[in-house]
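Structure first, then comments.
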Amino acid sequence: MCGIAGLIHRGKSSNVGNELQAMLQALKHRGPDSTGYALYADNDGENFIMRFKVGENVGEGSSSVNEDESVYDKRKELVDDMLKNLGAKVLKEEKLTPYSYRYEMKYDDDLMDFSKKIESIESVEILSIGKSLELIKDLGDAQAVLDRYDLGKVTGTHAIGHARMATESGVDIKSAHPFWGYPFSDVSVVHNGQLTNYWNNRRVLENKGMRFMSECDSELIAVYLAEKMRNGATLEEGMKDSLSGLDGVFTYFVATKDSLGMAKDTMAAKPLVLYESDDLVAMGSEEIAIRSILPQEIDTYDPFDGEVKVWQI
Amino acid sequence: MANLKTTEKKTKAQSMGLHTEVLTGKTQQKFFNPDEAENFYYWGTYDVDFNKRIDLDVNDLDCKEANKKIDELMSQGYGTIVIKNPQGKHSLGVGVLNKLNLIFEGSLGYFGVGSIDGPTVRINGRVGWSCAENMMAGKVVIEKNAGSCFGAAVRGGDLICKGSVGARTGIDQKGGTIIVGGDAGAFTGFMMQRGRIIILGNVGINLGDSMYDGTIYVGGKIGSFGSDAIESPMTKSDIDWIRRKLKVAEIGGNFDISKMTKVVAGKKLWNYDALEPTEKKGAI
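Line by line, the protein sequences are chains B and G. Take the first sequence: its letter number 107 is residue 94 in our numbering, and every next letter is one higher. Take the second sequence: its letter number 224 is residue 262 in our numbering, and every next letter is one higher.
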């Protein structure tokens, strides 16, 4: 099933961490396995924020193999060495959990090559790179993830998130949403639905040099859009193209540094409720997600089949 | 409760040989017997007074508690119940099998007022997916928009949305009337079997796909026709009937009904009326 939620404040910042938590918590019944946040925070915009993991959460409900925590530290040292070799300057590092880190760094070269080299280290995955994107995903509900990563203080302009019910792939962080739009900074995707031409598209995109980190079909959307944008398409053009390029049922959100978009498949098989005003757009799989931040009576609607919309901050 | 005499006679379905297969499920082994007195007890039927009115704030109640409270109020004779702060919660007002004025001051989530038989419902807000699913009788008016699967499998009554509705409106419809003041999404009237749908605005692709029977009237543009859905000429009876229905629905006052498109089943696909064995039809 899965639940997705997103919001964008136009012309101002807000406490998007708490707002998204409220929306995702309301959708917990749609996806209790893992929760993910892509928050576009009020960072200085000068340096890159890289969030990465060196192992999996092996807590209750996880489908990952249990590892000794000492290997996490070894992998982290390898990442640090690689960053030095690549010429990246780490300005600040935070250990968030035994298996995940947040680095603030300076780097001026190609992100694709950078990511490939970092991820060549065993079990290391870059969750996101961006100047405002803070991508956090882990097992547990929205409240548990918010508390674990201290997201309640994060302010920003927009955010998308996901409450996952694992179906076709494991209960682990690598299969959790949102997915980073590798290799573009500040691009993230969440998806509700199922893609039936995943393997065909994956083979084609891998031959074009794109990377997949999981076997979760939703990752395809992020990679698909990234590849379109790499070839010069705008985000909206890529999203419109995906309506025919992706087969199956889907409603997905994609966010960039300054925009938020939604797309719904041509059969409108997956739910989406939308609220739109001059200063705020909020959307989610169910109305209760929107009501969690807007309890007053408001006008909402279901976008139609094959609809694509993009909003700017 | 009626005191009916029991009989050793086989039921009609058994006498037609429909229960010769080996059934293992616990519920499957219990056949419906029309002579059993329990089948004459109609759950949730109360004498209510429409002038006896009460407000019910459901802000702190979940759907089970709220629905139980509605039932309790009906048992106390309340005939007009105003629900405050529904806040988009799911499954509110389901299973009301009674005459009742039920008013929601706000929006509902999924499966709102499903499986109802008789009440008059007004929703001063929006509804989510599958509103009034399996409705048997009554009238439901939604002041704003509705989600997908609006009126799925309705069997009777009038279901009215003054705004726009999502995809698969009237899917599997078996009777009654669905009226939409705005637009409707893809697959409207998908697999419908009986009843009528009136859409004053535009509809999406695959209108009336795989419909067995029933009629769909569209006032605006049609994205595309579905399999076996065909256009049929509008008659005076159609126009008169729609005019009367729109009046009841309180929408489309100045709408030019004569320019609507009438869509019916081509009946080239599977038709259960023509092909179903006679004995099964008898049992149904």
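No residue lacks a Cβ here, since even glycine has one placed at the ideal position from N, Cα and C. None of the values given here were measured: they were computed from a predicted structure.
- The secondary-structure analysis by DSSP pairs Thr144 of chain B with nothing; it has no beta-bridge partner.
- Counting every other CB atom within 10 Å of its CB across the protein chains shown gives Val159 of chain G a total of 16 or more, marking it as buried.
- Taking the C-beta atoms as reference points, Cys203 of chain B is found no nearer than 8 Å to Ser246 of chain B.
- Put simply, the CB of Met92 of chain B is far from chain G, with every gap to its CB atoms at 8 Å or more.
- Ala75 of chain B: not part of any beta strand (DSSP E); DSSP gives it neither H nor E.
- For Cys101 of chain G, there is no enclosing beta strand (DSSP E); the residue is part of the alpha helix (DSSP H) that begins and ends at 101 to 113.
- Nearest in C-alpha terms to Asp159 of chain B, of all of B:Pro19, B:Met270, B:Ser0, B:Leu11, is B:Pro19.
- According to the DSSP assignment, Ser229 of chain B belongs to the alpha helix (DSSP H) that extends over 222 to 232.
- Spatial neighbours of Gln299 of chain B in its own chain (CB-CB distance under 7 Å, excluding positions within 5 residues in sequence) are listed in chain order as Asp245, Ser246.
- Membership of Asn187 of chain B in any beta strand (DSSP E) is not indicated; the residue belongs instead to the alpha helix (DSSP H) covering 185 to 194.
- Assignment of Val66 of chain B by DSSP, reduced to helix, strand and coil, places it in the helix class.
- Note that the stretch 209 to 225 of chain B does not touch the stretch 275 to 285 of chain B; fewer than 3 beta-carbon pairs, one per stretch, sit closer than 8 Å.
- In the DSSP annotation of this structure, the continuous segment of the beta strand (DSSP E) that includes Ile(-5) of chain B starts and ends at -10 to -4.
- Counting along the chain, Leu146 of chain G sits inside no alpha helix (DSSP H), nor does DSSP assign it H or E at all.
- At a cut-off of 8 Å between beta carbons, Gly194 of chain G makes no contact with chain B.
- Contact between the stretch 111 to 124 of chain G and the stretch 132 to 141 of chain G is present, with at least three C-beta pairs closer than 8 Å.
- Looking at the DSSP output, Ile280 of chain B bridges to nothing.
- CA-to-CA, the gap between Lys200 of chain G and Thr226 of chain G works out to about 16 Å.
- Here the stretch 73 to 87 of chain B makes no contact with the stretch -10 to 3 of chain B; the two share fewer than three CB pairs at distances below 8 Å.
- For Ile108 of chain B, there is no enclosing beta strand (DSSP E), as DSSP marks it with neither H nor E.
- Not a single CB atom of chain G sits nearer than 8 Å to the CB of Glu6 of chain B.
- Interface annotation for the stretch 170 to 199 of chain G against chain B: Lys182, Asn183, Ala184, Gly185, Ser186, criterion Cβ-Cβ distance under 9 Å.
- Using a CB distance cut-off of 8 Å, Lys127 of chain G counts as an interface residue toward chain B.
- Chain order gives the chain B residues near Ala224 of chain G as Thr253, Met254, Ala255, Phe291, Asp292, Gly293, where near means a beta carbon separation below 9 Å.
- Contact between Val178 of chain G and Ala191 of chain G is ruled out by a C-beta separation of about 14 Å, above the 8 Å threshold.
- In the three-state scheme derived from DSSP, where H, G and I count as helix and E and B as strand, Tyr59 of chain B is classed as helix.
- Apart from sequence neighbours up to five positions away, the residues of its chain that approach Gly290 of chain G with a beta-carbon distance below 7 Å are Gly219, Leu238, Leu284, ordered along the chain.
- The contact set of Gly166 of chain G on chain B, defined by CB atoms closer than 8 Å, consists of Pro258, Val260, Glu273, Glu274 in chain order.
- Relative to Asp294 of chain G, the option among G:Leu197, G:Ala205, G:Ile277 whose CA is nearest is G:Ile277.
- Sequence-distant Cβ neighbours of Met112 of chain G in its own chain, meaning closer than 7 Å and more than five residues away, are Tyr84, Val86, Asn136, Leu138.
- The beta carbon of Ser248 of chain G sits no closer than 8 Å to any beta carbon of chain B.
- With a cutoff of 8 Å on beta-carbon distance, Val41 of chain B and Lys63 of chain B are scored as near each other.
- Chain G has no Cβ within less than 8 Å of the Cβ of Tyr24 of chain B.
- Listed along chain G is no residue with a C-beta nearer than 9 Å to that of Tyr59 of chain B; the closest approach is about 42 Å.
- Residue pairing by DSSP places Asn139 of chain G opposite G:Thr118, G:Thr158 in a beta bridge.
- Exclusion of the five residues before and after Val302 of chain G leaves Thr253, Ser270 as the residues of its chain whose Cβ lies within less than 6 Å of its Cβ.
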